[in-house]
Each structure stands twice: as structure tokens, then as C-alpha cells.
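Worksheet: one structure, shown below.
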Amino acid sequence: MNEAVRTTTPLVPLALKDAPALIESVFPAQKVSFEAQAERKAVAAQTLTGLGSYWKGRKPLILVRAIVLGSLLPATDDPEQDLAVFEKLMAFDEESLARRALAENALSATRLQELIPISDPERYFSGRGWRRDITDDDKLVLYRRALATFGSYEEKAGLGKRPEEVDQEWLYAPAWEAVNQHYAHLGINANNIAELVEQLGMLRYGHRPRAGDTFSGGGSIPFEAARIGCDAYASDLNPIACMLTWGALNVIGASPERRAEIDRDQQAVFDVIDKEITKLGVEHDEKGNRAKAYLYCLETRCPETGWMIPLSPSWVISPKQGAVAKLIPDEKNKRFDIEVVTGASAAQIAAADKGTVQDGDMVYTLNGRTYRSPIKTLRGDFRDADGNTGNRLRRWEKDEFHPRPDDIFQERLYAIQWITKKSINASRQITYFSTVTEADLARERQVEKLVSENLAQWQAEGLAPDMAIEPGDKTDEPIRTRGWTHWHHLFNARQLLLQAISIKAWKGSDSAPLGWINLAKAADFNSKLCRWATSQGGGLGGPKGVFSNQALNTFYNYATRAWAGFGASSFKMADAPLPAVERSIVSAPAERPTQSCELWITDPPYADAVNYHEITEFFIAWLRKNPPKPFDEWVWDSRRALAIKGSGEDFRRGMVAAYKAMADHMPDNGMQCVMFTHQDTGVWSDMVGIFWAAGLQVVAAWYIATETTSELKKGGYVQGTVILMLKKRAAGDRAGFKQRILPAVRSEVQRQIETMMHLNDEVKSKHGEPVFNDSDLQMAGYAAALKVLTAYTQIGGEDVTAFALRPRVRGEVTVVDEIVQQAAEAANSLLVPEGLAADTWAKLTGIERFMLRMMDMETTGAAKLDNYQNFAKAFRVEDYSRVMGSMAANQARLKRVPEFASRDLTDSTELGATRLGRLIIGVQQVLAETEPQAIVSQLQAEMADFLEVRSLLVDLLAFIERKAPEEQVRAGAEVLGARLKNLRFGA
């Protein structure tokens, strides 16, 4: 422990040994969600992405930080102040938001004066900017006032930098007085996050806390835990995951002195590679121009004409430069020459965009006639008598790296991107695209000769792969579509040569482990699976990585980077020095941890998780022979058979073994956090059953929403993460029965939600915004139910381990499903929308509750699709999309009253059969100027219980009058409601 802290801080070790953690009762999930989304949107600027963007599953660092701090901080008898201090430590408070905005220079002099009155602007401003003698403290005076004019946390936080991007000492300087004062009774006296974490570790465990992750993947959990002062333990079965975690902790997290050494070593290796490539003369032309990228396409013979046809879905190369490839018939040789044209018109570009591969067919025009042949026919796809599929593609041999002359698919170079000689070393290079010349083809043959003569030796020395592709869900693709059988078949001669030169150079470096990380990145950037994307570089065009999605997709045309095509930023990594904490990385199965940890934080594989055990073989094939220390301590094999895969009985058994092992390597007052994607109650049932059988008890659950859109996934989709907090279950057997457990569940759910709603009211009255939204309260209801359930070791005579491991029957409703649903219903009965009577709410159907709940949330600006998904599940809505006006990820909304068509509101629809559905029709009729009395008479005729439900109908119309966004709808609801309310009978 830090000596300065030891002598100045009178801590009592283990004083918090049995104290509940703050995260068990308070967690600002909405703010964490916003910050996690902001981190995700940083894309390549995320701290760990530079290690390898091919690993997509990293959890946001801000989320990990919140979990670790929330697990260490104690809950006091002042939850409101607990929350305030926690938000200071996360840089979510008002002062931190002002500092984050200032760090971004978010508000100009003009904007500040628009937002707030400034009586003496000359004190601050000169012309259009700040005066030179104005300090940051002076600027903060105005920034604080300006931020107070923004309504929501999202608006304020959206102005500024992310917390990790701001100087930490300056950002947190104002926080420590409040932190130390709030925890003065515990002897806390910290001046930075690492000191606080160490002191909290002393109070809870008697030493600095160790955080572990046995599914470390891309390394975000151990990295962030170490960054805030925990000792870090990481393990993963996959050596690529271990390598990425090592890079996070030892390259990105290196001390400034060590990082300077690493950077010098890296530049020295780059110089060796550059010198060797230049010496070979295979990437320069006769004028001294240097290649940046090579474009290749497949070519195949047309069965109708006998011509060789180049294959590409598009012949557009660079929209920005107007560069397209033009096919010119060569009658003599029955093939096409390919000419690169620059400066093409918009019409020429549009024509070139229609390539020779369209809708799965080869399509081309020759002498005025268009020919079309299905690719599957060219490939010779077939299905045998036993139903097995295959094709006529020849399977490549181990010693091959390009097609044989009689193979169905040939490969040809069709364009080159060059850097002009004068701009090769310039900060702004000048590039152009050219037709392939005879001299270019001669250099191609030179490269192929080099590879042909050396491939066997390179494979023996580990400079090129010799590993066979093992069939699998993802790895079948290159075998089936190209006939490739070994991993080096996914690389052409140029790619193999450059990788071999790079590996040889890195092997002689003192920073060889960094080289392994870079070699994996280079393979991702430079394979036959790299498509040419015309949108790259603002329309200039450029290669995309293999794993721009998580598959091994083959392409008809692909891009190869020359060494100069990697650029200065290709191997750039963030710089985030870690404090002096222990860091341990082990390649081992999750059920065999080698150290004990006070905190286990994991993001395990489940359901439709990415098949990393398959696709990382792409990298293992390059790196497995003679790896440098400490990588030589790991097994360089994907070990598919040992990988926990996200489905079935084997998955549950593997998970129980892993989490039981972690529980066994955790003190009695330790805590586990498990993150998993919120999908359906089947996932809940499986995951909870697993932790239950592992001897763990649920103590809290939080929902973190992360929404985005992607060019690869049209429309909106949602990724939400459930944060499930667990502790060891108390020793001894405890048997229970469902009939006794359900009342206890309802009671615990009510207690938890009422406590949170009270804190909401307290915070909202002082700060204008509540802490929790309805999704948080609903999730807390689930957690409360599971806390009761997982305290038992037997339910109805069935042992929980047997329950967790037995196969799940399709359509089966388990006791966990029942309890979770009971919790949802108990929570929903308490979450009455503002302005609606509780007895009205109690009488509504699921779809009616869904509509009113979401109408209420929309008045607060809520527009996230996951809210609609979650509440549709909670209210058991059959098809909520039928009542949605938009399902865009961050612009979701219900249909407005005028948008409902008559077919949406028939008796056969979920909403049309309800009272609310009838009232929507009634309001539409008012807007169509139907006499209100006629509408009321129609309602009377249609509803046998009209007299009994009249007050309910009036209440629903009053709610629509308050919540509908359109003025005419509010007016229509008021008119109809008034007529119903004042209805006279028997007149």
C-alpha cells in the first residue's frame, strides 16, 4: 500500500467486511447508459480499439469503472448523498460536466452570450474569442451558468469530452473534499481514484482489491479495473484474447518510459520492413511512384461463349476521383482487358456500378448481347442422394497459394493505387489509380516467384501459416465458396510476402510481443477477405478489414495493401498509463482460475455470441509457431472442444463449473458481476439457473442500454446489457415451495421499488431529474424477485443444480420464468403512469398498459427502442410493432391517434378489441367532425358494461388529453371526455 496513504489515513482494516455495496441499492443506470453509448460512438477512438478492431465484444470502459466503484463503495444511511458522491467519482456531476464541456471548447464566446446574460463581456472576451489572460477557472464560471440552462443530463454530457479524455487530476480536483467528508467516519482520505480504491479495499478485504475476469476477451474489464487501482487477473481459453488483454495492460497501459521504448522498437522494425520491401523493388514503379493498394478480382470462363469474364459486383473504384474500371473486349484471346478511367462522369460511374456479378449471377454484355449464368452453376453446386451439399471446386493443396490454370476461379490484378514519387513522405500524399501495365505484371510474377521458392521454408520457420482450416459454422465459408483448405490460402502472394518479412523483422525485436499484436492487425487489414469499399476516405476508396463483421466472407473482388498502404495510423495505439498494480494474464479454461479475486466481473459467451473460437484461428495460424515471451506460456490453439458455447446442456454445465470455480476463489464477502444481453425470459432462466447452481445469490440487477445502427444491419437494432450482481449464498440448505415464495417475492419487489421511488422523488425535487426510469424500476423488480428465489437451495423438492442442468423443454415455463413474470407484474402494478388513477390502471389489459405507459414516457423525450421492447415483454404484448409509428433505434415512437388505420383497430387486433382501441376510434371520429353524441351512443351500443366502465373511459380520455403530442387530438379527447362525463341517462 502507498506509504503516504498509510501514515495519513487512519483506516480500520475490514471495517466494511460485511457492509452492503452501493451497487446493491443505487446505480445511475441511465447516465451510465448514455456514457457507454458515447464511448461506443467514438469507434476507432475508443481506448482499446487500436489493439485490434476485429474483436467486437469489448464492454465499455465507463461501464466497468462504474461496476468496480459501485461494488467497493458502501451504502450509508444517506442514499441521496451516496449517489451524489458516486456521480462525482464518475464525473457525471454538474461541476464535472462543466469541466468536460470546457475541455472540448464546446461553447464559443457568441454561444455563451446567447445562453446567459453576461453583464461585463469585456472582462472575458476580446473580439470573437476569449481574452488571453482569462484562466480556465474564469471560463468555468460562465460554463457552469451556461450548462444550467440545458434541461437534461444527455444535453449537458453531449457537449463535452468523455471523462477518460480529460486530464484526470484537473477533472476530479473538486471532488475529493466531498468524497473524503462523506466517508470521513471510515477514515477515507484520498486524492485520486487509485488511492480511494486501495483504501476501500483495506476497509472491505484488508488489502488492495483484486478484480478478475475469466472470459477476458478484448481485455476491457481487467484494463479498467487496473486503471482505477485494482490488481487485475485475466484469463481466457483463447490465446488471441490473452494477447489483446496483455496489450491492454502492457502496451496501452505501459509507463511513459516503457512506452517510449516500445515506440522506438516499433519504428526500428518498420524501418527494417520498409528497407526490405524497397530493396526487392516490388512496390515501386519505374518512375519511383509507390503502390498504396492493389485491386484484384476473380475471373471465370463463361459456359456459353468460352470467354474469361472478370467478376466484380461493381467496377467503381473511387467516386471522389471518378475512377472506374472499364471492360474492353479482346476478341483474339476471348477475354476482357481492364482499363482504369479517371474523371468519369456521374453517368459513367452509375453505369460502372452495375458489375458482372448481379443477384448471384454472372452478367456481362458482349457484341450487344447480354449473358447471364448463376454463380452456383459455374461453381457446380449439387445435393447428393443423402441430402449433402457440395460443388465442383477443387480443394487446394498445402503448398499452393494461387489457382491452377484449370481451376474454375482464377485471380487477376485489375487496378493499382499509386502514391506519387514527390508525395511519398509528405503529410498529405497525392494518389491516383492506374491501369495495370506489363511492368506491373512483371512485378507480380516476381512476387509469386519469391513466394513459390520460399513458402515451404517460411511455413517451417513460422513465417507463414501451414495450418489446415477446421470445418465449423464460420470456417466452412472459405472452404465451400473457394476450395481453400489451409489458412494461408486466404492470402495472395503479395500478402504472404509482406507478412513473412514483417514476422522476421519482429522476431528480432526486444518488443516482439507488440509485433504479434501488430501482425494480427496486419492480417485483418490485408487478406483476400478484405473488400474494396468505395466509401472509405470520403469516397476516395480503400480496403476494409476482414472482420468489419464477424464472419469469413469471401469476395469476387478484393484489396491488397502495399506496405505504404498501412499508413501512420494503422498501428497507432492509445496511451493510458496504469498505476503500479499487479497484472496477471493466464491462458486457461474459465473453470480453472489460478488466483482468488474479491471481484469477479465477466461477460460470458451465451446464446448467439460470436464464435471467437473459430474465427480467431485466422490469427492463430500466423502466430502459433515460436511466439515470444510471455506468449510462449500459452496454448496457441483455439481449443474448440473446451470452449463454452452459448447453447444447450454442455453450455450450462460449463457455465456452472466456471462460476462455481470463481465462487470458490472468492472470499465470503466478495462479489460477482455478470453482464449478458437482455433477450428473453429463456435467457434469464438459463443464466439465473446457472448462477443459482454455482452457489450464488442475486443481490441486484441493472439495465444498461446501448443502441446504434449499422450499414451491415439495415434499420434499428438494440443491444442492451443486464448487469447482474451476485454474492455467495449463505451456507446450509434452505428448502422452499412456490406457494410460499411468491408472496415473499411480491413483498420484496414492492419494498425495493418503493425505496427507489422515494429516492427518485428526493433527487428530482432538488435536481430536476429522477435517478431511475421505469426500466430501472422494472429491472430492480426482477432483481428483488431473484434475490428471494436464489436464497433457496431447493424449490419444491428439486435441487437447484439439477434444475439448472436438466435440458430445457421447448415451451416449458420454469419456476424462474414464473417468478420473473410475477416480479414484472408486481412492478408494473406499482408503476402507474403520472395522471392516471391506480384503480383504472389495475383494470387495463397488457396492450392498453403498454400504450399508456409509452405515451407517458414519450412526454419526457424517451425515444429508445429498447424501452418499447422491454415493456412489451413485461406487459405480454403479442406484437408491439403493430402500434409503433417508428422503430428506429433512437427515434422510436407509438403511432399517433390519427395514424391508426381502420385495419389496425378491428376486433381481431390486439388493441382494437380493447376499450382504449374503441376510444382511439372515437377521437378519430371527433376529428372527422362526427357528432360527439353519436359517438357516445355507438360506444353504449358496443359495450355491454358501459355504465360500469364509463368512469374508466373518462379517465383514459383525460390521460390522452394530457399526453397526446398533437393539439387537435388533445382537443378531440377533451370534447369526447366531457360528453361522456356529463352524460345524462333517461333524458
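In short: position in the sequence shown from 1, add 13, done, that's the working numbering.
Beta carbons are placed, not taken as given, at the ideal position from N, Cα and C, and that holds for glycine.
{"Check": "Own chain residues within Cβ distance below 8 Å of residue 827, not counting five before or after", "Outcome": "698, 702, 816, 821"}
{"Check": "Contacts around residue 319, its chain only, beta-carbon distance under 7 Å, and the 5 residues preceding and following it disregarded", "Outcome": "347"}
{"Check": "Same chain, Cβ closer than 7 Å to residue 851, five either side skipped, listed in chain order", "Outcome": "845"}
{"Check": "Given residue 638 as reference, the closest of 573, 520, 128, 735 once Cα atoms are compared", "Outcome": "520"}
{"Check": "Span of the beta strand (DSSP E), counted from its first residue to its last, around residue 353", "Outcome": "348-354"}
{"Check": "Bridge partner(s) assigned by DSSP for residue 897", "Outcome": "907"}
{"Check": "Candidates 47, 45, 59, 51, of which the one nearest residue 586 by Cα", "Outcome": "59"}
{"Check": "Inter-stretch contact at 8 Å, needing at least 3 Cβ pairs: the stretch 400-420 / the stretch 336-355", "Outcome": "no"}
{"Check": "Straight-line Cα distance separating residue 870 from residue 891", "Outcome": "20 Å"}
{"Check": "Contact under 8 Å by Cβ, residue 497 with residue 409", "Outcome": "yes"}
{"Check": "Residues sharing a beta bridge with residue 639, DSSP", "Outcome": "According to DSSP, residue 639 bridges with nothing at all."}
{"Check": "The stretch 655-671 contacting the stretch 528-540, beta-carbon criterion three pairs below 8 Å", "Outcome": "no"}
{"Check": "Identity of the residues DSSP links to residue 143 by a beta bridge", "Outcome": "138"}
{"Check": "Contact the stretch 557-568 vs the stretch 31-44: 3+ CB pairs below 8 Å", "Outcome": "no"}
{"Check": "Contacts around residue 863, its chain only, beta-carbon distance under 7 Å, and the 5 residues preceding and following it disregarded", "Outcome": "884, 885, 888, 890, 893"}
{"Check": "Three or more C-beta pairs below 8 Å linking the stretch 55-73 and the stretch 232-251", "Outcome": "yes"}
{"Check": "Beta carbon of residue 608 nearer than 8 Å to that of residue 219", "Outcome": "no"}
{"Check": "Extent of the continuous beta strand (DSSP E) run through residue 11", "Outcome": "Since the first and last residues shown for the chain are 14 and 1000, residue 11 lies out of range."}
{"Check": "Residue 470, buried or exposed, once every other Cβ within 10 Å from all chains shown has been counted against 16", "Outcome": "exposed"}
{"Check": "Supposed contact pair residue 908 and residue 897 - C-beta distance, whole angstroms, cut 8 Å", "Outcome": "7 Å"}
{"Check": "Span separating the alpha-carbon of residue 618 from that of residue 642", "Outcome": "28 Å"}
{"Check": "Given residue 1016 as reference, the closest of 818, 708, 552 once Cα atoms are compared", "Outcome": "Here the chain covers residues 14 to 1000 and nothing more, so residue 1016 does not appear."}
{"Check": "Under 8 Å between C-beta atoms of residue 286 and residue 738", "Outcome": "no"}
{"Check": "Beta-carbon separation (whole angstroms), residue 592 vs residue 304, contact threshold 8 Å", "Outcome": "Residue 592 to residue 304, Cβ: 45 Å. No contact."}
{"Check": "Counted within 10 angstroms of its Cβ, other Cβ atoms place residue 389 as buried (16 or more) or exposed", "Outcome": "exposed"}
{"Check": "Residue environment, residue 341, which counts as buried when at least 16 other CB atoms sit within 10 Å", "Outcome": "exposed"}
{"Check": "Secondary structure, beta strand (DSSP E): runs of 3+ residues fully inside the stretch 222-297", "Outcome": "223-226, 244-249"}
{"Check": "Cβ-based neighbour list, residue 634, same chain, cut-off 6 Å, excluding 5 preceding and 5 following", "Outcome": "478, 480, 500"}
{"Check": "Which listed residue (610, 365, 65, 194) has its alpha carbon closest to that of residue 4", "Outcome": "Nothing in the structure corresponds to residue 4, since the chain is present only between 14 and 1000."}
{"Check": "First through last residue of the alpha helix (DSSP H) which encompasses residue 915", "Outcome": "Neither: residue 915 is in no alpha helix (DSSP H) and is coded neither H nor E."}
{"Check": "8 Å CB neighbourhood of residue 1016 in its chain, flanking five on each side removed", "Outcome": "A question about residue 1016 goes unanswered here, because the residues of the chain that appear run from 14 up to 1000."}
{"Check": "Between the CA atoms of residue 106 and residue 720 - distance to the nearest angstrom", "Outcome": "A caution first: residue 720 carries a pLDDT of 49, below 50, which makes its placement in the model too unreliable to give a value."}
{"Check": "Exposed unless 16 or more other CB atoms sit within 10 angstroms - verdict on residue 626", "Outcome": "buried"}
{"Check": "Reduced DSSP secondary structure (H/G/I, E/B, other) of residue 494", "Outcome": "helix"}
{"Check": "Local conformation of residue 526 per DSSP, three classes", "Outcome": "helix"}
{"Check": "With 16 other Cβ atoms within 10 Å as the buried cut-off, status of residue 154", "Outcome": "exposed"}
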